[in-house]
Each structure stands twice: as structure tokens, then as C-alpha cells.
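Inspection log for the structure reproduced underneath, given as C-alpha cells.
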Amino acid sequence: MLTKSTEYAIRALVYIQLRNNLNQRPGVFEVANEIEAPAAFTAKILQTLTKHELIGSMKGRGGGFFFTDQKKTLSLYKVISIMEGNSVFTRCGFGLSQCSDSNPCPLHHRYAAIRDGYLQIAQTETIQSLAAKIERGEAVLNTLSKNT
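For what it's worth, numbering that gives the first Met the number 0 labels the leading residue of the sequence shown as 0, then goes sequentially.
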């Protein structure tokens with residue numbers, strides 16, 4: 000349902016939150032390595048996230064990416080909306096532009112339930128709640144974590 004850019008953005012934000020919880024600010028190459036994404040692609044994604052003020056960044060020694068105090072919780076909905084727009088939560092599962100309850104596509108009724116459930120997850124889960132699951136050992140961020 001999500002583009003690679005959005006998947007990487009969510010993973011990057013979770014990783015940054017994990018490092019920030021340890022009073023550390025990861026750099027682009029560290030983030031890229033930990034989320035298993037190309038460095039140049041990660042840099043562009045982090046630039047977008049910084050531009051939209053989801054995270055801050057500092058250059059130089061002791062620099063890196065961080066959440067500002069104003070961003071205590073960041074919903075998945077906001078991240079997805081910035082990366083993809085809100086249409087991901089409303090579009091037709093069959094790809095039709097005029098799909099509706101009165102003019103349904105073949106997938107409309109079944110897909111609507113999935114899409115609505117996805118919207119609920121995006122609105123209730125936060126980057127911080129996902130990071131907390133990793134810290135508690137309930138989840139992993141990358142395949143590297145599974146092998147350790």
C-alpha cells in the first residue's frame with residue numbers, strides 16, 4: 000500500500016527516535032545502513048522530512064537528525080500524508096477514479112474495510128509507539144536485528 004519512499008521514511012523516523020532516546024543524533028549513513036536503504040535515497044527522504052519539520056538536523060560534530068521538543072508524538076497518518084498525500088486513505092483498490100458506494104468497483108466493499116482499518120492504524124500509531132515496541136523487544140526494525 001505504501002511506496003518505498005514512505006516505508007523508508009517511517010523506518011528512518013523510528014530509528015532516529017530510538018537513537019534520540021539514547022541522547023544520540025544519527026547521521027544519514029547510519030540511518031541508511033540501519034533501515035537497509037540506499038544512502039542517497041535516504042538523504043532525499045530525510046531532507047523531505049526536515050523540510051516539513053517532522054525532524055530537525057544539525058551539521059558538524061555532534062550533528063545528525065533529531066526530534067524537536069514540539070514533536071513529542073508523530074502519527075503515521077501525518078508521515079504518510081506528507082510522503083504520499085491523503086489519497087492513499089481514500090483511493091479505489093481497483094484504481095478507478097469514480098468508485099463509490101453507489102458506483103462500486105469489483106473490490107469496493109471488501110477493500111473499503113481494509114482501507115478504513117489501515118486509516119485507523121495510521122491515526123492511532125505513532126513513530127514513538129513503534130519505537131517503544133522495538134525497545135521492549137516486541138518488534139524489530141531491520142533484518143539485522145533478527146540475527147543478533
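By construction, the Cβ of each residue, glycine as well, lies at the ideal position given by its N, Cα and C atoms.
Expressed to the nearest angstrom, what Euclidean distance is found between the alpha-carbon atoms of residue i and residue j?
i	j	result
MET0	GLN119	14 Å
ARG109	ILE126	28 Å
GLY62	LEU95	46 Å
ARG135	SER74	20 Å
THR89	ASP100	12 Å
SER4	ASP115	22 Å
THR79	CYS98	Thr is not the amino acid found at residue 79; the sequence shown has Ile there. Cα-Cα distance, rounded: 22 Å.
SER86	GLY92	11 Å
ASN102	LEU45	40 Å
I'd like the span of the beta strand (DSSP E) that includes residue i, first residue to last.
i	result
PHE88	PHE88 -> no beta strand (DSSP E), and no H or E assigned at all.
MET57	55–57
Got a sec? Which residues, its chain only, sit under 6 Å from residue i by beta carbon, not counting five neighbours each side?
i	result
GLU29	none
HIS51	ILE81
PHE65	ASN19, ARG24, GLY55
ALA138	LYS132
CYS104	CYS91, PHE93, LEU95, CYS98
THR72	THR125, GLN127
How would you write the range of the alpha helix (DSSP H) that residue i sits in, first residue to last?
i	result
SER128	126–134
PHE64	No alpha helix (DSSP H) contains PHE64, which is instead part of the beta strand (DSSP E) from 63–65.
ARG35	The identity of residue 35 in the sequence shown is Glu, whereas the question assumes Arg. First-last for GLU35: undefined, no H or E at that position.
VAL139	Segment: none, VAL139 is in no alpha helix (DSSP H) and carries neither H nor E.
ASP115	107–123
LEU17	3–19
GLU52	No alpha helix (DSSP H) holds GLU52; DSSP gives it neither H nor E.
MET82	75–83
Output yes or no for whether 8 Å exceeds the beta carbon distance between residue i and residue j.
i	j	result
LEU53	ILE34	no
PRO31	THR47	First, the residue type needs correcting, since residue 31 is Ala and not Pro in the sequence shown. Not closer than 8 Å, so no.
ARG148	LEU106	Residue 148 is absent from the structure shown; the chain starts at 0 and stops at 147.
ALA39	TYR7	no
GLN122	TYR76	yes
ALA130	VAL27	no
THR2	GLU124	no
Skipping 5 residues on each side, what residues in its chain have a beta carbon closer than 8 Å to that of residue i?
i	result
MET57	ARG24, GLY63, PHE65
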